[in-house]
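Engineer:
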Amino acid sequence: MSMPENTHLPLVTVVTPSFNQAEFLERTIRSVVEQDYPNLEYIIIDGGSTDGSLDIIKKYSTRIKEWVSEPDKGQTDAINKGFARANGQILAWLNSDDTYNPGAVSEAVKFLQDHPDVGLVYSQASYIDAQDRVIGSFPAAQTDRKRMLQGYVHIPQQTTFFRADLWKKIGPLDTSFFFAMDYDLWVRLSSLAPLVYCPQYNWANFRLHQQGKTVAADDRCWPEMLRVHRREGGSWFSIIQMKYYLRRILAPLITRRRTSMFENTTK
22 MSMPENTHLP
32 LVTVVTPSFN
42 QAEFLERTIR
52 SVVEQDYPNL
62 EYIIIDGGST
72 DGSLDIIKKY
82 STRIKEWVSE
92 PDKGQTDAIN
102 KGFARANGQI
112 LAWLNSDDTY
122 NPGAVSEAVK
132 FLQDHPDVGL
142 VYSQASYIDA
152 QDRVIGSFPA
162 AQTDRKRMLQ
172 GYVHIPQQTT
182 FFRADLWKKI
192 GPLDTSFFFA
202 MDYDLWVRLS
212 SLAPLVYCPQ
222 YNWANFRLHQ
232 QGKTVAADDR
242 CWPEMLRVHR
252 REGGSWFSII
262 QMKYYLRRIL
272 APLITRRRTS
282 MFENTTK
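With our numbering applied, the sequence shown corresponds to residues 22 to 288, in that order.
#1: Give the secondary structure of residue 135 by DSSP, where H, G and I count as helix, E and B as strand, and everything else as coil.
#2: Residue 108 to residue 131, Cα distance in whole Å?
#3: Can at least three beta-carbon pairs, one atom from the segment 153-166 and one from the segment 128-142, be found at a separation below 8 Å?
#4: Does residue 35 come out as helix, strand or coil in the three-state DSSP assignment?
#5: In the DSSP assignment, find the unbroken alpha helix (DSSP H) run with residue 245 in it and report its ends.
#6: Among 207, 74, 251, 92, whose alpha-carbon lies nearest the alpha-carbon of residue 190?
#7: Secondary structure at residue 44, three-state DSSP: helix, strand or coil?
#8: If we ignore side chains and look at the alpha-carbon of each, how far apart do residue 262 and residue 148 end up?
#9: If you run the structure through DSSP and keep just helix, strand and coil, what is residue 90?
#10: Where do the ends of the alpha helix (DSSP H) carrying residue 204 lie?
#11: Can you give the beta carbon distance from residue 120 to residue 184, rounded, assuming they're within the 8 Å contact cut?
#12: Kindly identify the DSSP beta-bridge partner or partners of residue 269.
#13: What residues match up with residue 144 in a beta bridge as DSSP calls it?
#14: Name the DSSP beta bridge partners of residue 295, please?
#15: Counting pairs of beta carbons, one from the segment 63-79 and one from the segment 151-161, are three or more of them closer than 8 Å?
#16: Looking at residue 34 and residue 55, is the spacing between their C-beta atoms short of 7 Å?
#17: So, at 6 Å on beta carbons, what are the nonlocal neighbours of residue 38 in its own chain, with the 5 sequence-adjacent residues on each side left out?
#18: So, is residue 237 buried or exposed, given that buried needs 16 or more other C-beta atoms within 10 angstroms?
#19: Would you check if the distance between the CB atom of residue 293 and the CB atom of residue 141 is smaller than 7 Å?
#20: Taking the alpha-carbon positions, what's the residue 125 to residue 219 distance?
#21: Measuring straight from C-alpha to C-alpha, what distance separates residue 255 and residue 265?
#22: Measure the C-alpha to C-alpha separation of residue 135 and residue 175 and round it to an integer number of angstroms.
#23: Helix, strand or coil: how does DSSP classify residue 295 here?
#24: Where does residue 103 fall in DSSP's three states?
Next comes the structure, spelled out in structure tokens:
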């Protein structure tokens with residue numbers, strides 16, 4: 022999608038939190054700096070990597086607005102540090118093992134410009150393995166505040182773009198969350214403006230690999246989601262509570278399935 026000519030394009034800030042992800046980091050960086058959107062600032066917050074990540078960051082330093090490498094309190098803290106430095110009217114974060122597809126930023130900006138009432142927009146996403154091969158599709162779907170609080174999230178974080186003025190009202194991310202900081206943010210954003218799914222687009226790729234926390238620490242997600250649910254006045258006798266119990270029963274099967282998705286591609 023080409024951007025409209027002779028119009029002021031909003032500044033977009035993309036933040037990448039990273040720690041010892043040299044295996045994937047260059048692909049993440051390139052997917053950002055090679056976007057066709059002309060008004061983008063890119064910020065990388067590295068947690069003090071020792072695996073060669075800094076050499077990769079320095080290689081692209083002329084195309085990165087700002088970067089820092091120092092110990093932090095984890096991914097959530099790093100994202101907050103990045104957004105505290107952001108100047109954009111539209112914000113996004115892309116983890117250091119995920120990638121954007123070409124045209125993602127331009128298409129997201131165009132949608133937000135055409136729909137000023139929308140607070141956050143998201144699209145389809147693909148699952149990819151360590152070699153960038155597509156191995157599945159994220160079950161993205163339209164959701165809203167009521168459905169999210171019931172456990173129907175269906176938002177691939179990698180594809181989300183949201184307005185900075187809303188972030189300033191409800192941010193920063195809650196650093197007590199290891200896994201569900203994005204879910205918590207979406208619930209808070211949904212109290213201020215609609216969140217809209219664009220199924221006609223695929224803006225990003227969600228990488229599944231052995232060290233990724235979606236595979237290694239998925240059991241921490243649902244208890245954190247329940248914290249948000251109860252904070253918002255949710256009942257113990259609710260759909261999300263029942264989904265949590267079902268998830269616990271099925272957890273070994275889900276983990277094996279996710280692991281096999283990328284292990285099978287290496288054979």
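C-beta: ideal position from N, C-alpha, C; glycine also.
The model shown is predicted, which means the values in this text are computed figures rather than measured ones.
Structural biologist: To lay it out plainly:
#1: helix
#2: 19 Å
#3: no
#4: strand
#5: 242-252
#6: 207
#7: helix
#8: 27 Å
#9: strand
#10: 202-211
#11: Their Cβ separation, rounded to whole angstroms, is 23 Å, which puts residue 120 and residue 184 out of contact at 8 Å.
#12: According to DSSP, residue 269 bridges with nothing at all.
#13: 219
#14: Nothing can be reported for residue 295, as the shown portion of the chain is limited to 22 through 288.
#15: no
#16: no
#17: 66, 96, 99, 100
#18: With a pLDDT of only 43 at residue 237, under 50, the local geometry of the prediction cannot be trusted, and no value is derived from it.
#19: Any property of residue 293 remains undetermined from this structure, which presents the chain solely from 22 to 288.
#20: 12 Å
#21: 14 Å
#22: 23 Å
#23: Limits of the chain in this structure are 22 at one end and 288 at the other, which puts residue 295 out of reach.
#24: helix
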